[in-house]
Amino acid sequence: MRITLQKSLFISVFFLGFIHQGFTLGTEEKSLLWKISGKNLKQDSYLFGTIHVICENDFFMDARIENALKESEKLVLEIDLGDPNMMMEMQKISMNPEMKNISEEMEPEQIVALDKFLLEAYGAGLDQFGIFKPLVLSSMVMLKMLPCTAQSSYEMYFMDKAKEQEMSIKGLETVGFQMGIFDNIPRKLQIDELAKMVVDENGMEEFGELTQKYLEQDLDGLYGIITENGVFQEFGDQLLTNRNKNWIPLIENHIEEGSTFIAVGAGHLPSETGVISLLRKAGYTVEAVN
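Numbering follows this note's numbering, with no gaps: position 90 of the sequence shown is 90.
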């Protein structure tokens, strides 16, 4: 079944990644936290799968996760959220080329629907927000479609803890690189599906299923939902596979320097080309922490 880009963008915001045709971890172990050891490492390191945004009532944290963070000397995220230049860079690359308003590329009925949604949700419409790229607007719409008004972020939680512990914080990628991935998805397709989002809430049902699998710490089950995503199969190498492969030497450098807590989107962990499998192929022992 081919899923719409609307749902693909939705999933991307919360679990950026998640696809590569039909492989799973091949284990019944359910855990978001994994210990990395072996291959002459002096200290153990940890790998945690995040959901980038979650309703505050669903956010959970337990002793094994907190202890793993306390035992670590360094925090590694997809992006170094502590980089003082990040927000400036994000603002710059979030805009349409030449600050053109996206409404110039939309059909009249699309403009009316999206403008109405933005006005009701944010108090300003396309006149103000239309200069942003489709992905940014999709993210804005999705956040307001969540079944809660208060949201939490695992990345920000780990950032705060790392600062308290005076840990160093590093990123595997830049925000420019991540945003650039979506520039390779046809723009018209993004715009058409962005417009559909404001009149079709079916994507929220899927997010509920994904969140439930996440709360169950069921990476295989969560991955099974995503593998039905036809658009992700088309763009999966860019969104996930190539990035996972690029991360491995970076992760190796970090864990060889000392105990490291690595937190990336949960979709990067499972599958034959996921981070867990790739680390094992590189000679490390990667075990679920239950």
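All C-beta atoms, glycine included, are put in the ideal place defined by N, C-alpha and C.
DSSP state of Y284 mapped onto helix, strand, coil
coil
Counted within 10 angstroms of its Cβ, other Cβ atoms place L279 as buried (16 or more) or exposed:
buried
Can you list, in chain order, the residues of its chain with a C-beta nearer than 6 Å to that of P134? Leave out the 5 residues immediately preceding and following it.
Q190, I191, L194
Proximity to G258 [Cα-Cα], best of K30, Q43, L33, S277
Q43
CA-to-CA distance, E173 to D83, given in whole angstroms:
12 Å
Would you kindly work out how many angstroms separate the C-alpha atoms of I262 and M145, rounded to a whole number?
29 Å
Hey, how far is the Cα of S277 from the Cα of T285?
10 Å
Three-state class that DSSP yields for Q21 in the structure shown
Residue placement at Q21 is flagged as unreliable, the pLDDT there being 31, under the threshold of 50; the coordinate-derived value follows with that caveat. Coil, per DSSP.
Taking 8 Å as the CB-CB limit, is L114 close to chain C?
Going by chain labels, chain C is absent from the structure shown, which holds only one protein chain.
Rounded to whole angstroms, what is the Cα-Cα separation between F23 and N290?
Residue confidence is low: F23 scores 38 on pLDDT, short of 50, so the model does not pin down where it sits. Its coordinate-derived value is still stated next. Their backbone Cα atoms lie some 23 Å apart in a straight line.
Between which residues of its own chain and V275 is the CB-CB distance below 6 Å, once the five residues before and five after are set aside?
N244, H268, L269
At which residues does the beta strand (DSSP E) containing I79 begin and terminate?
74-79
Mark Q110 as exposed unless 16 or more other C-beta atoms lie within 10 angstroms of its C-beta, in which case mark it buried.
buried
DSSP-derived helix/strand/coil call for M106:
coil
Under the three-state reduction of DSSP, which class applies to V264: helix, strand or coil?
strand
Alpha carbon to alpha carbon, what distance is there between P108 and M95?
22 Å
My output table needs one value for K35: the three-state DSSP class, helix, strand or coil.
strand
Measure the alpha-carbon distance for S139 versus A282 and round it to whole angstroms.
35 Å
Exposure label - V141; buried when at least 16 CB within 10 Å:
buried
Pair within 8 Å by beta-carbon distance, M61 and V175
no
Are the CB atoms of I79 and Q238 within a distance shorter than 8 Å?
no
Strand pairing of L47, partner residues [DSSP]:
W34, I262
Own chain, CB closer than 7 Å to R64, minus 5 neighbours either side, in chain order:
L33, V289
Hey, S294 and I36 are a contact pair by Cβ (cut 8 Å); roughly how many whole angstroms apart?
Here the chain comprises residues numbered 1 to 290, so residue 294 is not present and cannot be evaluated.
By DSSP, does M167 sit in helix, in strand, or in coil?
coil
Would you call S271 buried or exposed, if buried means 16 or more other Cβ atoms sit within 10 Å of its Cβ?
buried
Buried or exposed, going by whether 16 or more other CB atoms sit within 10 Å of the CB of A266?
buried
Among the candidates A162, L77, M99, L114, whose CA atom is the shortest distance from the CA of E71?
A162
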